[in-house]
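To start, the structure under review is shown below, and the notes come after it.
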Amino acid sequence: MTKKKLQRFAENTTFPHFFERSYAELTDKPFEHKGTWSRSFFGNDNPLVLEVGCGKGEYTVGLANRFPNKNFIGIDIKGARMWRGAKTIANDGIKNAAFVRSQAGLIDLWFAKNEVSEIWFTFPDPQPGARENKRLTSPRYLKIFTKVLKPDGIIHLKTDSDLLYEYTANMAKTERQRIIHQIDNVYNGQISGPLTEIQTFYEQMWLKEGKTIKYISFHLNPSYYEQG
Ligand SMILES: C[S@@+](CC[C@H](N)C(=O)[O-])C[C@H]1O[C@@H](n2cnc3c(N)ncnc32)[C@H](O)[C@@H]1O
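Residues 79 to 306, numbered by my numbering, are exactly what the sequence shown covers, in order.
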């Protein structure tokens, strides 16, 4: 472990907007903001939007700046990366953003049923080969996310990966998800707003390599919620 990483981990613990709990703590007693995040942490009744696999949290911070009437929480397991976004929140005095260090699969220990309005996946690992169940847009993961997402909630995926994009579009069709937007190349000159204005760390790397950036958003099939 490098000294820089240790310093970042230490500073994370000093941010009031950075949350980290052990599995034992989360299962022993419900997390203090679970079910009341907007009211008890952000002090408002605004919709809650997550960025899962946020890395440095460019979308968490960028969307928070653009949409003051929503609250944004970045989730990742890599605390040293998340420090970048958490530090920006502190430096810029951003009031509607926070970070949670957690495995995505434990999301229902942090958030209650129907608490989340939207979930962004920004350049998640495509998980090639037989690791389909590890993809954040696999039916296995989507069933986990329905434990916290509102029935009219929205899933957004921004990716460089043809594999993940095609997999997600096919999954959406076979699982009868309601696709809202499907864009093969967000830099086709016709798209404006956060999709082109906010670029993540990984996105900038892929753009330098000449990769095409894709986006798909959808509402989950209501039958997902019936499965509990
Ligand atoms: C390719 S990086 C993308 C990071 C950032 N969104 C970006 O575009 O720069 C994927 C991120 O997802 C995180 N991640 C992967 N699996 C995860 C999981 N099961 N739970 C939480 N985070 C996860 C990794 O730690 C990593 O930071």
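Glycine included, each C-beta is placed from N, C-alpha and C at the ideal position.
Assigned secondary structure, residue i (DSSP; H/G/I helix, E/B strand, else coil)
i    : result
Q260 : strand
A190 : coil
T278 : coil
P300 : coil
G231 : strand
E287 : coil
G163 : helix
I269 : coil
I172 : coil
R315 : Since the first residue of the chain shown is 79 and the last is 306, residue 315 is not available in this structure.
E89  : helix
K83  : helix
F119 : helix
First through last residue of the alpha helix (DSSP H) which encompasses residue i
i    : result
D106 : 101-106
E244 : 240-252
G140 : 136-144
P217 : 217-223
Counted within 10 angstroms of its Cβ, other Cβ atoms place residue i as buried (16 or more) or exposed
i    : result
M283 : exposed
P202 : buried
L241 : exposed
R256 : exposed
P208 : A small fix is needed here, since residue 208 is Ala in this sequence, not Pro. Exposed, by the Cβ-count rule.
G231 : buried
N248 : exposed
M79  : exposed
R144 : exposed
Element boundaries [beta strand (DSSP E), containing residue i]
i    : result
F150 : 149-154
Y293 : 292-297
Cross-strand partners of residue i (DSSP beta bridge)
i    : result
R179 : E98, D154
E129 : G152, W198
K236 : T200, Y293
C-beta neighbour in chain B for residue i, strict 7 Å
i    : result
K107 : This model lacks chain B altogether, as it is built from one protein chain only.
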